[in-house]
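For reference, the structure discussed in these notes is given below.
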Amino acid sequence: MGAAFASSYANLFMGMWERDIFFSKPVAHIERVLFWARYIDDILMIWQGPEQDLLDFIGLLIHNPYNIKLSHKYSQTSIDFLDIEISGFPGGCLETNVYRKDTAVNSFLHASSSHPQPLISSIPVGQFLRAKRICSSEENFKEQANILTTRFQERGYSNRSIKRGLKRAEKANRTELLKQRTKTTHDAPVRFITTYNNGWRDMKTALTKYWPLLKIDKTLSKHLFDHPSITYKKSPNLKDQLIGFVSFIYTNLPSISSIIPDIAGGSSLLCNTPGLI
1 MGAAFASSYA NLFMGMWERD IFFSKPVAHI ERVLFWARYI DDILMIWQGP EQDLLDFIGL
61 LIHNPYNIKL SHKYSQTSID FLDIEISGFP GGCLETNVYR KDTAVNSFLH ASSSHPQPLI
121 SSIPVGQFLR AKRICSSEEN FKEQANILTT RFQERGYSNR SIKRGLKRAE KANRTELLKQ
181 RTKTTHDAPV RFITTYNNGW RDMKTALTKY WPLLKIDKTL SKHLFDHPSI TYKKSPNLKD
241 QLIGFVSFIY TNLPSISSII PDIAGGSSLL CNTPGLI
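Using the UniProt record's numbering, the first residue of the sequence shown is number 1, and each one after it goes up by one.
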């Protein structure tokens, strides 16, 4: 969403709008809202009542003093929220499946990308586990697994890494995947922080090999884990290098006053200074 604070700002702004709807000045038909959930600016609502009352309620939400533009979609059978498609069946049963927009493209990180190999290898595992968590039926999961397999193959992932991720998801218990994990806090380890480069594997091997020498030190051993903890910073990509190059050009240009003579007398000017736009 742009700046780092954008999500927090959007949450605060939408929260102020919700406060007016439910607490300050409750709008008409608010009692028909059985469920309301919001993630930043995406809202999921369960409504019980006539369709016309729903449209009237939505109209009141659209006409707000905060200039918030709302688009809406409603259905008695299925609805999508974020990356989940929710379908309802007679008897109150719900089914969930992975939702993708019609304009969605295959944007998985390419297997040949210059990233640490453990990171690339973990992507299929994470995506298959995500599908297992979202899909409420085995049929839906198998369908999504086939889609993911094709997408990973298109992005150059090996069959071995794809099968490893799929097998991990098949063995996983969906009930456990749906549980909210509690983060365990540890003492902050001493980390080796460096810019990522193609020699990361040799660097990690050297650190692991000589790590016991650091553990011998009584003072250092209190702050070191059994294995080195390495954190990589993003290395400059082509965009960063080009932006830096353009900045170099402009910061090294001569000043305008040294290029442009006094033209108060109406004399014409032809500027041939290289690099000046």
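Where a beta carbon is used, it is the ideal one built from N, C-alpha and C, also for glycine.
Please read all numbers here as calculations on a predicted model, not as lab measurements.
{"Query": "Run of the beta strand (DSSP E) containing THR194, from where it starts to where it stops", "Result": "191-195"}
{"Query": "Nearest neighbour of ASN173, chosen from ALA131, MET16, ASP102 [CA to CA]", "Result": "ALA131"}
{"Query": "For ILE243 and ILE256, the rounded distance between their alpha carbons", "Result": "At ILE256 the pLDDT is 49, less than 50, meaning the model places this residue with poor confidence; the figure from the coordinates comes in the next sentence. In a straight line, the C-alpha of ILE256 is about 22 angstroms away from that of ILE243."}
{"Query": "Selection from PRO26, VAL27, MET45 that minimises the alpha carbon distance to LEU34", "Result": "MET45"}
{"Query": "Alpha-carbon to alpha-carbon, MET16 and GLN48", "Result": "25 angstroms"}
{"Query": "PHE81 - DSSP class collapsed to helix/strand/coil", "Result": "strand"}
{"Query": "Under the three-state DSSP convention, the category SER74 falls into", "Result": "Inspection of the sequence shows that residue 74 is occupied by Tyr rather than by Ser. Of the three classes helix, strand and coil, the one that applies to TYR74 here is coil, per DSSP."}
{"Query": "The region 114-124 touching the region 157-172, judged by at least three CB pairs closer than 8 angstroms", "Result": "yes"}
{"Query": "Beta-carbon proximity of GLU95 to SER136, cut-off 8 angstroms", "Result": "yes"}
{"Query": "Option in LYS179, GLN153, TRP36, VAL98 with minimal Cα separation from LYS142", "Result": "VAL98"}
{"Query": "Boundaries (first-last residue) of the alpha helix (DSSP H) holding SER231", "Result": "Contrary to the premise, residue 231 reads as Thr rather than Ser in this sequence. Per DSSP, THR231 belongs to no alpha helix (DSSP H); it is in the beta strand (DSSP E), 229-233."}
{"Query": "Separation of SER78 from CYS93, as counted between CA atoms", "Result": "12 angstroms"}
{"Query": "Boundaries (first-last residue) of the beta strand (DSSP E) holding LEU207", "Result": "Unbroken run through LEU207 is the alpha helix (DSSP H), 200-216; no beta strand (DSSP E)."}
{"Query": "Identity of the residue in TYR66, GLU85, ASN67 nearest SER75 by Cα", "Result": "GLU85"}
{"Query": "Delimiting residues of the alpha helix (DSSP H) encompassing ARG38", "Result": "Taken as a continuous stretch (DSSP letters only), ARG38 belongs to no alpha helix (DSSP H), being part of the beta strand (DSSP E) at 33-39."}
{"Query": "Range covered by the alpha helix (DSSP H) that runs through ASN146", "Result": "138-154"}
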